[in-house]
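Residue numbers for the sequence shown follow this note's numbering, beginning at 697 and rising by one. Below is one structure, written out as structure tokens, with a few remarks after it.
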Amino acid sequence: MVDLSTKLVNVLGDKTATPLAKTFDMHVVGDLLRHYPRRYVELGKASSLADLHVGQHATVLAKVVEAKNYAFGPGGRRTRTEVIVTDDTGARLSLTFFQQRWLADRMTPGKMCLFSGEVGQFNGRLQLTHPDYDLFDEDGDTATSRLSRGILPIYRASGKMPTWKLEAFIGLCLDTLDPPDDALPAQIRDDRGFADMGAALESIHRPHSMAEAMKARDRFRFEEAFVVQTVFAQRRQALEHDRAAGRALVDGGIRTRFEQQLPFTLTDGQRAVVDEISADLAHTHPMHRLLQGEVGSGKTVVALMAMLQVVDAGGQAALLAPTEVLASQHFRGITALLGDLAKGGMIGGAEGATRVRLLTGSMGAKARKEALLDAASGEAGIVIGTHALIQDHVQFAELGLLVVDEQHRFGVEQRAALVDRSEVTPHVLVMTATPIPRTIAMSVFGDLEVSTLRELPAGRQPIQTTVVPYAERPAWLARGWERVREEVGKGRQAYVVVSRIGDEASESETSSLVELHEELTGGALHGLRLGTLHGRMGPDVKEAAMNAFAAGDIDVLVATTVVEVGVDVPNATVMVVMDADRFGMSQLHQLRGRVGRGSNAGLCLLVTGAEVDSPARERLDAVASTTDGFELSRLDVELRREGDVLGARQSGIRSSLRLLSVVKDEKVIEEARAAADDIVAADPALASHPTLAAAVHALEHSEQADYLERT
Ligand code: ADP
Ligand code: MG
């Protein structure tokens, strides 16, 4: 009995199984059968040699006339193989292969072969360089039967394991395979006209028409999306059964009073999201929401209102920031916004006021002890700190809401760790300024609901971004520094961002922070008050530098990307990013969000040595072309590869996707999500879908294994 989990060695023998394992990491029949054809060749559409022209992508069926090896390169160690072929028309074509010596022995005169590739020209003659090829050197019957189907699959192959060999091994497996179990429930297949697993495998590997092959691809693409979405549907379902304390809005509580004293009115978007979250919090199952919004779109106020609602209802809230700088800044910002409402138990505190506590690694022992006591006793309604600190040390009397700022700095697993430790499951709100395209939100964060802030508060200043190529336009850089001086002259401030601190050997001309600080002090920015900020400074030194900048005692802050996240100094209007090509697009977008936060327009200069038309320059031009973070993340995704989008963290999911693109297949993912929800709603444990349950288990297991490896 052969099924998808049968070891390949038992079907194909050792000699074949070993290279398949080595080259392609295939171990069981299912691994091989899920190695889908890269594309197909329709024999009926094969060109005759007489009709070829340069630039055409051609497939030809031809007979070998001769094959010769030529040595070239240093010491003649490299081999070029030239094969001359001909067909019925009598025309000849030359094919060139490199480093495949053995080909000459295989392509003996008279042998029939299928070649496929782009037609080029060399010395005035047409040729194919490194075409895909399929040598019909199996026995006559097999060759005839393959050709009679009229359409051949082409597999991702290697020199030792060419596509026709893979095809033969796959054929052997298909011939001996018992009808396989199907991860797609029958109802779902029927609704979409998909064949069952066995028939679909046959169709994708041995189709009789292109349409049949494409239908099978659709089925497997859908299946990939469906299994992933079933994992998320189950997680969502599990959360439904998880109990949280409902924290309904309390009339006349501090949240209401806070709203009345806010110095601005909420945008419509903020209003809508506040209401959405407010409704979530009132439920007795835990909220699990991702709030995404542009830098400066006012996520913190939204989060604060959620926190106050929880405090009013007798719970506590924790705000987790990725860095100490950001935690301190949140603390300052939030206590300032709250005013008297944050002075619980203190002189001058408002009636019913709460207490906000900060917890950072650099705090003195006494302050820290106080903060911990207040968290444990429940005196502190809001505790703000870095993620590590809160997670490891803090006991809460009653944690009702966990707010995680800047999700992209956190693993999903870390978020889970804190939630798991609490006795009552807290509601969770995750905030990110790196907008995640919908498809990716659905694929990667499929267990979160998503809210989006699209508009910026009124009066927010535009940020103009300019690429400054110093090699081509040295004058522009000089002009950039002048602009910094002008802004400082008007009483404003600037950031200069560098990618390195500067202790390491300076292996490139990348501006290091220390060197640049010196250079600017003595040169272009002579006479201005310059400060530095980087990750290797002690926490108190860092804090002091940030405070001095915020207070206006420093004109220009030369910093590493410590300033990337959330730093809020409204008086800063210019940012110069050195070697901007070293940063990712979303990182640059984050960075420039630090300027133009006040009443004056912002300017961001992306200084680079990257050449015109290079991919690096293309990314910078894209950043300069739009300030819309959503548009930018779309461009970003277009310019990146799939794997980068999903990230290392999701590698289990990533490796399960062979046909599905999380970037392009939005509709498929959406449909699969709805279908998975239906199946899971009717049968949460998937008791009547054992094959699907196994596929889901395997996927979760691979994710988990992957996570364990990294901790
Ligand atoms: P982000 O979404 O980047 O975290 P913040 O919450 O830090 O944005 O908000 C940026 C600034 O805008 C803060 O100073 C905040 O007080 C202010 N702000 C927030 N909402 C509004 C609003 N509706 N109108 C005016 N200013 C606002
Ligand atoms: Mg923020």
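All C-beta atoms, glycine included, are put in the ideal place defined by N, C-alpha and C.
Measure the beta-carbon distance from residue i to residue j and round it to whole angstroms, keeping in mind my assumption that it falls under 8 Å.
{"i": "V1358", "j": "T926", "result": "Actually they are not in contact, since the Cβ atoms of V1358 and T926 sit about 16 Å apart, beyond 8 Å."}
{"i": "D828", "j": "S812", "result": "5 Å"}
{"i": "V1180", "j": "V1254", "result": "Actually they do not touch by this definition, with Cβ atoms about 11 Å apart."}
{"i": "R931", "j": "Y851", "result": "Their Cβ separation, rounded to whole angstroms, is 35 Å, which puts R931 and Y851 out of contact at 8 Å."}
{"i": "T1413", "j": "K856", "result": "The chain is shown only over 697 to 1407; residue 1413 falls outside these bounds and no answer can be derived."}
{"i": "L1055", "j": "S1024", "result": "Between S1024 and L1055 the Cβ distance is about 10 Å, and since that is not below 8 Å, they are no contact."}
{"i": "I950", "j": "D1008", "result": "6 Å"}
{"i": "G994", "j": "T952", "result": "About 19 Å; that fails the 8 Å criterion."}
{"i": "I866", "j": "L728", "result": "6 Å"}
{"i": "M1271", "j": "R1293", "result": "Not really, about 11 Å apart at Cβ, beyond 8 Å."}
{"i": "D1036", "j": "A1049", "result": "6 Å"}
In the DSSP assignment, find the alpha helix (DSSP H) that holds residue i and state where it starts and stops.
{"i": "Q957", "result": "950-957"}
{"i": "P1158", "result": "Where P1158 is concerned, there is no enclosing alpha helix (DSSP H), given that its DSSP letter is neither H nor E."}
{"i": "M1281", "result": "1281-1288"}
{"i": "D976", "result": "964-978"}
{"i": "D1374", "result": "1362-1378"}
{"i": "A891", "result": "Careful: A891 lies outside any alpha helix (DSSP H) and carries neither H nor E."}
{"i": "R913", "result": "906-937"}
{"i": "L870", "result": "859-872"}
{"i": "L1316", "result": "1311-1321"}
{"i": "T712", "result": "710-720"}
{"i": "L799", "result": "799-802"}
{"i": "R1175", "result": "1170-1185"}
Give me the residue from the options with the minimum Cα distance to residue i.
{"i": "H981", "options": "V1124, P770, G1044", "result": "V1124"}
{"i": "L1356", "options": "A742, V924, L1034", "result": "V924"}
{"i": "S1352", "options": "V998, M857, D874, A921", "result": "A921"}
{"i": "R917", "options": "I1365, A934, Q930", "result": "I1365"}
{"i": "K807", "options": "T782, G820, Q823", "result": "T782"}
{"i": "A763", "options": "L745, Q795, T755, L799", "result": "L799"}
{"i": "G989", "options": "M1127, V1100, R913, F794", "result": "M1127"}
{"i": "G1011", "options": "L1226, D828, S1321, L1095", "result": "L1095"}
{"i": "A1246", "options": "T1256, E1327, R1288, L1229", "result": "L1229"}
{"i": "S1321", "options": "I1030, C1300, N1296", "result": "C1300"}
{"i": "L1216", "options": "N1243, A853, D1251, A1240", "result": "D1251"}
{"i": "A1129", "options": "L1152, P1122, I1078", "result": "L1152"}
{"i": "T777", "options": "T785, S790, D784", "result": "S790"}
{"i": "E1168", "options": "H1222, P1158, G1231, R1313", "result": "R1313"}
{"i": "A1368", "options": "H731, V761, A758, R915", "result": "R915"}
{"i": "L1226", "options": "G867, Q1189, V1259, S1208", "result": "Q1189"}
{"i": "V1265", "options": "R1290, H1285, T1257", "result": "R1290"}
{"i": "P875", "options": "Y1166, G1248, M983, M893", "result": "M893"}
{"i": "H753", "options": "V760, M1281, L1097, A742", "result": "A742"}
{"i": "V737", "options": "V761, T804, T859", "result": "T859"}
{"i": "E1102", "options": "H1026, G1048, V1090, P1380", "result": "H1026"}
{"i": "T792", "options": "L935, T785, L962, E814", "result": "E814"}
{"i": "T825", "options": "I780, D784, S844, R845", "result": "I780"}
{"i": "V1258", "options": "L987, A1013, V1021", "result": "V1021"}
{"i": "R967", "options": "L1000, T714, V991, A1383", "result": "L1000"}
{"i": "P1018", "options": "T1148, I973, G1048, V1100", "result": "V1100"}
{"i": "P1158", "options": "G1044, M1003, T1323, L1149", "result": "T1323"}
{"i": "G786", "options": "L1144, A1390, D747", "result": "D747"}
Tell me where the beta strand (DSSP E) around residue i begins and ends.
{"i": "L810", "result": "808-818"}
{"i": "M983", "result": "First-last for M983: undefined, no H or E at that position."}
{"i": "Q883", "result": "Not the beta strand (DSSP E): Q883 falls in the alpha helix (DSSP H), residues 882-888."}
{"i": "P849", "result": "847-850"}
{"i": "L1125", "result": "1123-1128"}
{"i": "E1145", "result": "1145-1149"}
{"i": "A1190", "result": "1189-1193"}
{"i": "R821", "result": "821-825"}
{"i": "V1303", "result": "1298-1304"}
{"i": "L831", "result": "828-831"}
task: Would you list, in sequence order, the uninterrupted beta strand (DSSP E) runs of no fewer than 3 residues that lie entirely inside the stretch 1009-1097?
output: 1012-1017, 1051-1055, 1076-1082
task: Evaluate contact between the stretch 935-942 and the stretch 896-914, counting only Cβ atoms and requiring at least three cross-stretch pairs below 8 Å.
output: no
- request: Could you pull out every unbroken alpha helix (DSSP H) segment of at least 4 residues lying fully inside the stretch 1215-1274, listed in chain order?
  value: 1235-1246
- prompt: Mind pulling the beta strand (DSSP E) runs of 3 or more residues that sit fully within the stretch 723-793?
  reply: 735-738, 753-768, 774-782
message: Below 8 Å, how does it come out for the stretch 1300-1309 and the stretch 1276-1290: are there three or more Cβ pairs, yes or no?
response: These segments touch.
message: Could you check whether the stretch 1018-1033 touches the stretch 1075-1083, counting it as contact only if at least three pairs of C-beta atoms, one from each stretch, sit closer than 8 Å?
response: yes
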